[in-house]
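Counted from 1, the sequence shown has number 473 at position 352 by the numbering used here; the numbering is strictly sequential. Heads up, the beta-carbon is just placed ideally off N, CA and C, and yes, glycines get one too.
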Amino acid sequence: MNSTFGKYGSRWRWPSTRSGGLVPLILLVLLGPAGAQTTGAQSYRIVAGDKIAVSVFGQPELSGEAIVDQNGNLRLPVIGDVPAANLTPSELEKGIGNFLEQGYVRRPVVSAKIAEYRPIYVLGMVRTPGLYPYRDGESVLAAIARAGGLGAPDQLGTGSDLFQVDERVRLLEVNRAALLLKRSRLLAQQSGDDRISFPDLSGLPVDAVRLAQIRDGEQAAFAAERKAEQQEAEALEKQFPRLRAEIAAAKEQEELELKQRELNHQLIADYEQLAKSGLARKPTYIEIKREEARIEENIARYKSDGLKADLAIGDLQFKIAELHNNYQRRAMIELRETERSLLELSVTLPAAQRARIARARQIGWLTAEHDQPPPLVVIRSKGSATVRYDTTPDFALQPGDIVQVGSLLPPSMELPASPPSDRAAERKREGGLQNAGVGPGERLP
122 MNSTFGKYGS RWRWPSTRSG GLVPLILLVL LGPAGAQTTG AQSYRIVAGD KIAVSVFGQP
182 ELSGEAIVDQ NGNLRLPVIG DVPAANLTPS ELEKGIGNFL EQGYVRRPVV SAKIAEYRPI
242 YVLGMVRTPG LYPYRDGESV LAAIARAGGL GAPDQLGTGS DLFQVDERVR LLEVNRAALL
302 LKRSRLLAQQ SGDDRISFPD LSGLPVDAVR LAQIRDGEQA AFAAERKAEQ QEAEALEKQF
362 PRLRAEIAAA KEQEELELKQ RELNHQLIAD YEQLAKSGLA RKPTYIEIKR EEARIEENIA
422 RYKSDGLKAD LAIGDLQFKI AELHNNYQRR AMIELRETER SLLELSVTLP AAQRARIARA
482 RQIGWLTAEH DQPPPLVVIR SKGSATVRYD TTPDFALQPG DIVQVGSLLP PSMELPASPP
542 SDRAAERKRE GGLQNAGVGP GERLP
């Protein structure tokens, strides 16, 4: 890591998602919705200025887009104004459906989604200040990049490159955290543990909510793998009682046939004595010998049935062992791939961090002499109140936010922190005010 920043910066720390900031938009797409500040499409409460897309299945004349007016209503074809303010898209769908059922459409299927959020405003030390459409998951840094980056309008270059390299760094940091947690899960699977020993990743520059989501996902994957293995093993083990019963039945039948053979042998011995005295009939003797052959055949068949069931038990035991080995083998392959990815990150992440620092200095966000970024303020309306946030570049924006970068006054109009004590400093101040068009005795707004 560049020594200019220390761990993440001795005099100014690069935006850390641990403080509740935003994981960039790329991470939101890859990993799902982030913390409480991120605007979720379904949990978002509609306000005036939002553009809503309404679709009624099979009714194109009732579908379209409209902007919520200052009274909080959404004007739709045929049915007119529908209350929309402070509702989620799902609640709005139900409300529109209730209106349509009142003599317009039978059992309407309504879909409502945010087509365009209220715009955001970027003011202050950016090249193109003004109003910009809001994008879901947008951070302060993204808004600054869209406004042309830091500086006055006549400065060269933009902050879009910084936004890109910063998103790459954040993506790599979250990927590293995800890989570390995945490795813990795979090690637990490979060793047959019943729980995962996750490492402490609180020192990583990744949002705690995001870490918890990744950890919960790995825990769910671990539980699903264990459950799947147990279910497959139980399905095989359920066959053991049947096979053991078949073996017991075969042995019982074999014992009965052995008794029959013993009785038949006695009958043959008695008949042979009669044959010696000339009292036996040959057809009867032949029938007795046939019965002996049948008994021997039954004994052999029951022995074979018992051996087959015994072999089936051995085959099931082999399948259960192979099932366990397959799960362990798959975990070992995934573990090797995870270790390889972590090794690649050990090279790519430091390089991306150095590129981010270099680009930040290039556009003036940081300087080698004084690594201090301009102050960032987000002004947000909450009902009838206005809340001011002193933020970092990764702060998650919401529709209608005002982003103030540095001072709203030109550098020549900024007043010093304390009044100058000497006459030269006073003259310098007066000259700056006159150049800015402010006459003596006038007060700055």
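Contact between residue 235 and residue 171 holds: their C-beta atoms lie close to 6 Å from each other, under 8 Å. Judged by their CB atoms, residue 268 and residue 250 are nearer to each other than the 8 Å cut-off.
A check of alpha carbon separations from residue 515 across 501, 497, 504, 237 identifies 497 as the nearest. Between residue 288 and residue 470, the CB-CB gap reaches or exceeds 8 Å.
Here residue 245 carries a strand assignment [DSSP, helix/strand/coil]. Burial of residue 459 is indicated by the presence of at least 16 other C-beta atoms within 10 angstroms of its C-beta.
Inter-segment contact for the region 223-240 and the region 194-211 is present: three or more beta-carbon pairs are separated by less than 8 Å. One thing to note: residue 261 has its Cβ no nearer than 8 Å to the Cβ of residue 206.
Secondary structure in the region 429-473: no beta strand (DSSP E) run of 3 residues or longer lies completely within the stretch.
Per the coordinates, the alpha-carbon of residue 425 lies some 33 Å from the alpha-carbon of residue 403. Counting only unbroken stretches of 3 or more residues, the beta strand (DSSP E) elements lying wholly within the region 156-224 are 172-177, 185-188, 194-197, 201-204, in sequence order. Counting along the chain, residue 337 sits inside the alpha helix (DSSP H) bounded by residues 329-358.
Our two residues, residue 379 and residue 445, have alpha carbons roughly 42 Å apart in a direct line. The alpha-carbon separation between residue 411 and residue 388 amounts to approximately 13 Å. Bounds of the beta strand (DSSP E) holding residue 501 are 497-503. For residue 405, DSSP assigns no beta-bridge partner whatsoever. For residue 293, the three-state secondary structure derived from DSSP is helix. In the DSSP assignment, residue 267 falls within the unbroken alpha helix (DSSP H) covering 261-267. The beta carbon of residue 200 is closer than 6 Å to those of 220 in its chain, skipping five residues each way along the sequence. Residue 214 holds the alpha-carbon nearest to the alpha-carbon of residue 184 among 193, 443, 214, 504. Around the beta carbon of residue 178, fewer than 16 other beta carbons lie within 10 angstroms, which makes this residue exposed. DSSP places residue 519 in the coil class of the three-state scheme, outside both helix and strand.
Secondary structure of residue 315 (DSSP, three-state): coil. Counted as a single uninterrupted DSSP element, the beta strand (DSSP E) harbouring residue 511 occupies residues 506-512.
Taking the Cα of residue 433 as reference, the smallest distance to any Cα among 376, 513, 364 is reached at 364. The shortest C-alpha to C-alpha distance from residue 284 to any of 478, 519, 173 is the one to 478. Around the beta carbon of residue 254, fewer than 16 other beta carbons sit within 10 angstroms, so the residue counts as exposed.
Put simply, the region 238-245 touches the region 515-526. At least three CB pairs are less than 8 Å apart.
Sequence-distant partners of residue 360 (beyond 5 residues in either direction) whose C-beta falls short of 8 Å from its own C-beta, in its chain, are 433, 437. With respect to residue 384, residue 440 sits apart: the two C-beta atoms are not nearer than 8 Å. Straight through space, the alpha carbons of residue 338 and residue 352 are spaced by roughly 21 Å. Residue state for residue 425 is assigned as helix, using DSSP reduced to three classes. Between residue 310 and residue 343, the CB-CB gap stays under 8 Å. In this model, residue 202 and residue 501 are separated by some 27 Å (Cα to Cα). A Cβ-Cβ contact shorter than 8 Å links residue 463 with residue 300.
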